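Engineer: Pasting a structure below so you can have a look.
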Amino acid sequence: MTDPSRATTLRTTTHSFCHSLLSPPPPQDFLTRFFTDTPQITEHGPPWARSRLPFLGKTFTGRDACLAYFRALNDTLLMNLPSDAFPDQNGFIVDVGADMVSVVGKGRFESRKTGKAWEEQFIYRFSGFDAEGKIGHWEIWADPLSAWVAVGGVGEDGDIEGVEGTGGVGVKGEGILEGAGYAS
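This note's numbering puts the first residue of the sequence shown at 30, with every later residue one more than the last.
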């Protein structure tokens, strides 16, 4: 049988965490407030994308490493989450037996390098909670292809930088990214 008070604790913690992202405190304060003493952050994505998106495809373990994650993310992308980026507490899926919470969010992201932006939905999964409900592991599944294209831009020949032989596929206004919410 599941513990309703534990479910409430996990739901409240993760809901508060997500809503703090709308106007985040400094990363050190953020880690202290919401995470265990041994936090982990994993933003899933292909390891080959780390040349442009150094926060993807690996797990950052420990406070210093998690601070490095936030620095890498901040150096690469601007994040703008609307007030309705996350659902109310009932939209957070809690599995007390697995010690996990999942939620779908949405936001607008922009490359600091190129100024190209896109809107996306993403999934957060939280796990490894301590007895007080602090988060042990934050996992993110987002849209690394849009980030890759936005950060890298498009070369003079119409090819997406870093992707050989695209022949202009993916250029804004030519279909593939236009329909995926890509904007400049």
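Glycine is no exception: its CB is placed at the ideal position from the N, C-alpha and C atoms. Remember, it's a predicted structure, so these values are computed and weren't measured experimentally.
To which residues of the same chain is THR71 closer than 6 Å at the C-beta, ignoring the five residues directly before and after it?
Structural biologist: THR88 and GLU168
Engineer: If we count Cβ pairs, one from each stretch, closer than 8 Å, do we get three or more for the region 107–118 versus the region 88–98?
Structural biologist: no
Engineer: At which residues does the beta strand (DSSP E) containing PHE84 begin and terminate?
Structural biologist: Counting along the chain, PHE84 falls outside any beta strand (DSSP E), and DSSP gives it neither H nor E.
Engineer: For the pair the region 48–58 and the region 154–172, tell me if three or more CB-CB distances fall below 8 Å.
Structural biologist: no
Engineer: Counting beta carbon pairs with one atom in the region 39–58 and one in the region 119–137, are three or more of them shorter than 8 Å?
Structural biologist: yes
Engineer: So GLN118 and HIS44 are supposed to be a Cβ contact under 8 Å. How far apart are they, rounded?
Structural biologist: About 5 Å separates the beta carbons of GLN118 and HIS44, which is inside the 8 Å limit, making them a contact pair.
Engineer: Using a Cβ-Cβ cutoff of less than 8 Å, which residues in the same chain neighbour ALA36 once the five nearest sequence positions on both sides are dropped?
Structural biologist: VAL123 and VAL125
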